[in-house]
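Taking it in order: structure first as structure tokens, then the write-up.
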Amino acid sequence: QFLAPPHGLKPGLGFDLLVIDEASQIEPVDALGAIARARQVVVVGDDRQMPPTRFFQRMTGEEEGDEAFEDGPVAAREVESILGLANARGVPNVMLRWHYRSRHESLIATSNAEFYEGRLTVLPSPRARSPRLGLSLVRVDGRWEAGAGVNRVEAEAVAQAVMAHARETPEESLGVAAFSLKQRDAILDAVEALRRADPDSEKFFAAHPHEPFFVKNLENVQGDERDAMLISVGYARGEDGKLAMRFGPLSADGGERRLNVLITRAKRRCVVFSGLTADDIDLERASGRGVEALKTFLRFAAGVETARVAARDAEAPLSQVIAREMAEAGHEAVARVGTSGLFLDVAARHGEDFVLGVEADAADWAGVRCARDRERGRASALGQMGWRLHRAWSLAWLERPEAERARLRAALGAEEAAAAPRAAAGPDPGLAAPYAEAAPEVPRETPLPEVPFARLAKIVAEVIRTEGPVHADAIAERLRLLWGRERLEAADRAAMQQALRLAAQLEGVTEAGGFWSAEDAPPPAPRDRRAAAPHLRRAAMVAPAEIAAAAQALQAAVPVATEEELAAGVVRLLGLDAAAAPAVAARLAALVGAGVVRVPAG
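Counting in our numbering, the sequence shown runs from 8 upward without gaps.
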């Protein structure tokens with residue numbers, strides 16, 4: 008019986024299922040009323056992130072700006088969340104291990120090592136760590152003003168970085184976090200001054216309505232995420248050159264949870280501004296698990312320490328064979344690429360970035376318990392990170408090594424080497440040639456709408472000549488990958504459409520039914536997409552003429568195949584996703600109805 012229903016819930020109101028998110032931030036008194044009305048409860052939270060404290064209660068009152076709290080925060084053991092209560096009562100739990108937010112493994116490396124015992128499944132990035140991607144450190148020769156409790160030099164450096172972001176990467180959302188309220192206020196003042204001096208920057212600050220720009224301190228940044236994060240450590244040597252080993256909330260019990268929240272907010276890059284190095288922090292003089300974690304974080308940010316990778320299966324025989332092929336094709340072969348939970352058996356690196364990752368049926372692949380994660384989840388997640396993937400099966404390399412070598416070299420771009428085995432005597436490489444992906448030189452530093460239309464028309468024409476017949480959506484996705492963009496904006500797509508119209512007039516390409524081809528191209532032939540970009544394995548990206556060619560090639564090999572068998576064979580032959588089967592069957596039925604493909608009666 009409830010004398011006063013909490014939060015305005017009507018008496019008698021019930022729920023079949025109650026989901027409590029960010030449960031580490033919810034006190035039991037705020038949750039029990041809803042729990043009592045639910046038949047089933049799912050509690051979602053992270054006990055390694057911040058618990059509720061009196062700080063958040065103060066935010067609803069008039070003492071939010073009281074700096075006395077900053078010097079003596081409430082210890083985490085003095086409070087309890089609904090997540091802690093669920094754990095204490097022995098509610099069955101499971102760890103959600105896949106980490107999707109970070110677009111570079113360095114962004115989560117510290118937290119995975121310090122707080123999650125390396126149990127997270129972290130997706131490796133094909134691109135090298137740099138100031139534009141991943142975790143980086145900017146050393147600032149500032150001074151800690153003990154009386155004011157701020158580092159104004161560092162605050163100014165952060166403000167300058169905010170304005171540089173507004174000018175150079177306005178398409179990315181941005182957040183700033185400081186270790187203290189006073190440092191946050193100093194950054195806000197510096198940013199405001201620079202914004203008044205540069206009115207043109209206001210269009211950035213008005214952008215990203217769903218992820219607006221903010222400057223916060225570490226106590227209230229939980230729940231936020233941005234493409235880029237700037238972190239101001241603030242603490243530095245004083246004017247006398249001495250460093251006081253006092254780190255505010257980090258020194259208290261639960262300080263490591265505050266740091267864990269702070270350093271995991273970025274999706275693409277996190278830049279740490281600090282006058283301290285890891286070597287400056289003396290753990291014998293400074294107390295608190297949070298200070299120890301800060302020392303590790305600064306080592307990761309400076310590149311002094313990286314996540315350690317186990318050597319298990321790094322010398323697998325198939326990986327060695329593939330590595331030799333990569334070396335012969337002019338690429339550096341790197342075994343067991345990854346940091347935690349998910350590893351590529353071997354990847355080809357050209358310059359600083361990886362150009363191809365190879366998934367083999369080795370121990371890591373076989374160790375994934377769920378077939379969905381093994382067959383689709385891994386590839387889909389890695390594709391979202393920007394990887395081009397190639398599958399290597401041990402039995403296939405044993406039974407037809409020349410054909411598999413040809414597939415690998417084609418995926419690496421060594422077309423002339425891929426063609427050689429077809430002419431030589433040996434096992435048949437199959438009825439479908441590997442899908443050739445276009446890789447024209449593009450001005451990646453120039454935004455798509457600013458590329459001259461004539462040049463952009465030549466680029467799309469080269470994509471069409473290499474990949475045709477190719478759907479317009481596949482051309483857009485190819486341009487996105489070539490420019491290394493997270494997504495194409497409306498202006499980018501408008502520029503592409505203009506370039507396609509110009510290419511049709513000047514470059515000898517033509518469009519039919521949404522698919523583009525070169526005017527002098529031979530009739531379509533079936534192409535194996537298993538090693539190609541994920542978007543090409545969708546049924547909508549395959550021209551009807553190519554499906555017809557695949558069906559006719561299969562019929563020549565197996566004349567008695569039924570329509571159902573033929574549809575399944577086309578999906579396998581073209582290397583399409585399993586979800587493409589119904590659409591392929593429908594297209595094949597239309598081709599049979601039109602007499603383009605004939606199947607035996609009965």
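Note that CB positions come from ideal geometry on N, CA and C, so glycine has one too. Just so you know, these numbers come straight off a predicted model, no measurement behind them.
Starting from residue 277, follow its DSSP beta bridges and name the residues at the other end. Counting from 1 along the sequence shown, the entry for residue 277 is found at position 270. 142, 236.
Please list, in chain order, all residues of the same chain as residue 567 whose beta carbon is under 7 Å from its beta carbon, the five residues on each side excluded. In the sequence shown, residue 567 corresponds to position 560, counting from 1. The answer, listed in chain order, is 607.
Identify every run of the alpha helix (DSSP H) within the stretch 574-605, keeping only runs that are complete inside it and at least 4 residues long; order them along the chain. 588-600
Thinking just about the alpha-carbon of each residue, which of 128, 199, 89 is nearest to the one in residue 106? Within the sequence shown, numbered from 1, the residue matching residue 106 stands at position 99. It is 128.
Give the list of continuous beta strand (DSSP E) stretches no shorter than 3 residues that lie fully inside the stretch 288-357. 339-344, 351-357
Measure from the alpha carbon of residue 213 to the alpha carbon of each residue in 173, 240, 34, then state which is nearest. Position 206 of the sequence shown, counted from the first residue, corresponds to residue 213. Comparing Cα-Cα distances from residue 213 to each of 173, 240, 34, the minimum goes to 173.
In whole angstroms, what separates the C-alpha of residue 238 from that of residue 154? Against the sequence shown, residue 238 aligns to sequence position 231. Against the sequence shown, residue 154 aligns to sequence position 147. So the two alpha carbons sit approximately 22 Å from each other.
Three-state class that DSSP yields for residue 453 in the structure shown: Taking the sequence shown and counting its residues from 1, the one referred to as residue 453 is at position 446. Coil.
Can you give me the C-alpha to C-alpha distance between residue 529 and residue 450, rounded to a whole angstrom? Against the sequence shown, residue 529 aligns to sequence position 522. Against the sequence shown, residue 450 aligns to sequence position 443. Answer to the nearest angstrom: the Cα atoms are 30 Å apart.
Give every residue of the same chain whose Cβ lies closer than 6 Å to the Cβ of residue 319, excluding the five residues on either side of it in the sequence, and list them in chain order. In the sequence shown, the residue the question calls residue 319 occupies position 312. Only weak support exists for where residue 319 lies, its pLDDT of 49 falling under 50; the coordinates are left without a value.
Would you grab the beta carbon distance between residue 509 and residue 461 for me? Rounded to a whole angstrom, and I think it's under 8 Å. Position 502 of the sequence shown, counted from the first residue, corresponds to residue 509. Position 454 of the sequence shown, counted from the first residue, corresponds to residue 461. Yes, they are in contact, since the Cβ atoms of residue 509 and residue 461 sit about 7 Å apart, within 8 Å.
Contact the stretch 242-260 vs the stretch 196-215: 3+ CB pairs below 8 Å: no
Indicate the three-state DSSP secondary structure (helix, strand or coil) for residue 194 in the structure shown. Locating residue 194 in the sequence shown gives position 187, where the first residue counts as 1. In this structure, residue 194 counts as helix in the three-state DSSP scheme.
Same chain only: Cβ atoms within 6 Å of residue 591, ignoring 5 sequence neighbours per side: Within the sequence shown, numbered from 1, the residue matching residue 591 stands at position 584. Around residue 591: 546, 574, 577, 578.
If you draw a straight line from the alpha carbon of residue 387 to that of residue 373, how long is it in whole angstroms? Translated into positions along the sequence shown, residue 387 becomes position 380. Translated into positions along the sequence shown, residue 373 becomes position 366. Rounded to the nearest angstrom, the two C-alpha atoms are 17 Å apart.
In the DSSP assignment, what are the bridge partners of residue 137? Counting from one through the sequence shown, the residue named residue 137 turns up at place 130. BP columns for residue 137 point to 140.
In terms of alpha-carbon separation, which member of 505, 489, 488, 471 lies closest to residue 519? Walking along the sequence shown from the start, residue 519 turns up at place 512. Among 505, 489, 488, 471, the Cα nearest to that of residue 519 is on 471.
With C-beta atoms as the reference, is residue 564 less than 7 Å away from residue 533? Reading the sequence shown from its first residue, position 557 is the one you call residue 564. Reading the sequence shown from its first residue, position 526 is the one you call residue 533. Going by C-beta atoms, residue 564 is not nearer than 7 Å to residue 533.
Among 202, 349, 285, nearest to residue 304 - alpha-carbon criterion: Sequence index remark: in the sequence shown, residue 304 carries index 297 (1-based). Checking every option, the nearest Cα to that of residue 304 belongs to 285.
Tell me whether residue 106 sits in a helix, a strand or coil according to DSSP, three-state version. Numbered from 1 along the sequence shown, position 99 holds the residue referred to as residue 106. Three-state DSSP puts residue 106 in a strand.
DSSP-derived helix/strand/coil call for residue 151: Mapped onto the sequence shown, residue 151 falls at position 144. Reduced to three states, the DSSP call for residue 151 is coil.
What number of angstroms, rounded off, separates the C-alpha of residue 581 from the C-alpha of residue 456? Taking the first residue of the sequence shown as position 1, residue 581 is located at position 574. Taking the first residue of the sequence shown as position 1, residue 456 is located at position 449. Roughly 34 Å between the two C-alpha positions.
Going by DSSP in three states, residue 264 sits in which element: helix, strand or coil? On the sequence shown, residue 264 is found 257 positions in, with the first residue counted as 1. Helix.
Say whether the stretch 185-192 touches the stretch 216-233, bearing in mind that this needs 3 or more beta-carbon pairs closer than 8 Å, one atom from each stretch. yes
Which partner residues does residue 224 have in the DSSP bridge list? Here residue 224 corresponds to residue number 217 of the sequence shown, with the count starting at 1. Its beta-bridge partners are 185.
Can you have a look at residue 46 and say buried or exposed, based on whether 16 or more other CB atoms are within 10 angstroms of its CB? On the sequence shown, position 39 is the one that residue 46 refers to. So residue 46 counts as exposed.
In whole angstroms, give me the CA-to-CA distance for residue 255 and residue 131. Taking the sequence shown and counting its residues from 1, the one referred to as residue 255 is at position 248. Taking the sequence shown and counting its residues from 1, the one referred to as residue 131 is at position 124. Rounded to whole angstroms, residue 255 to residue 131 spans 34 Å at the Cα level.
For the candidate residues 51, 595, 263, 118, whose alpha-carbon lies nearest to that of residue 572? Numbered from its first residue, the sequence shown carries residue 572 at position 565. Nearest C-alpha to residue 572: 595.
When you compare only the Cα positions, how much space is there between residue 385 and residue 367? Mapped onto the sequence shown, residue 385 falls at position 378. Mapped onto the sequence shown, residue 367 falls at position 360. Distance between the alpha carbons of residue 385 and residue 367 is about 12 Å.
Candidates 206, 346, 348, 362, of which the one nearest residue 336 by Cα: Taking the sequence shown and counting its residues from 1, one reaches residue 336 at position 329. Residue 362 is the option with its Cα nearest to residue 336.
Have a look at 259, 102, 502, 495 and flag the residue whose alpha-carbon is nearest the alpha-carbon of residue 179. Within the sequence shown, numbered from 1, the residue matching residue 179 stands at position 172. Ranking 259, 102, 502, 495 by Cα distance to residue 179 puts 495 first.
Between which two residues does the alpha helix (DSSP H) holding residue 508 run? Here residue 508 is taken as the residue at index 501 of the sequence shown, counted from 1. Looking at the DSSP string, the run of the alpha helix (DSSP H) that includes residue 508 is 497-513.
Please name the residue, chosen from 228, 454, 101, 163, that lies closest to residue 202 on a Cα-to-Cα basis. As a working mapping, residue 202 is identified with position 195 in the sequence shown. Residue 202 has its Cα closest to that of 163, out of 228, 454, 101, 163.
Spatial neighbours of residue 550 within its chain, please: C-beta separation below 7 Å, excluding the five flanking residues on both sides. Locating residue 550 in the sequence shown gives position 543, counting from the first residue. Only 476, 522, 531 meet the Cβ criterion.
Do you know how far the Cα of residue 295 is from the Cα of residue 83? Here residue 83 refers to the residue found at position 76 when the sequence shown is read from its first residue. Here residue 295 refers to the residue found at position 288 when the sequence shown is read from its first residue. Note that residue 83 has pLDDT 33, beneath the 50 cutoff, so the model's placement of it is unreliable and the number below is only indicative. Distance between the alpha carbons of residue 83 and residue 295: 12 Å.
Among 194, 125, 145, which one has its Cα closest to the Cα of residue 156? Taking the first residue of the sequence shown as position 1, residue 156 is located at position 149. It is 194 whose Cα lies nearest to the Cα of residue 156.
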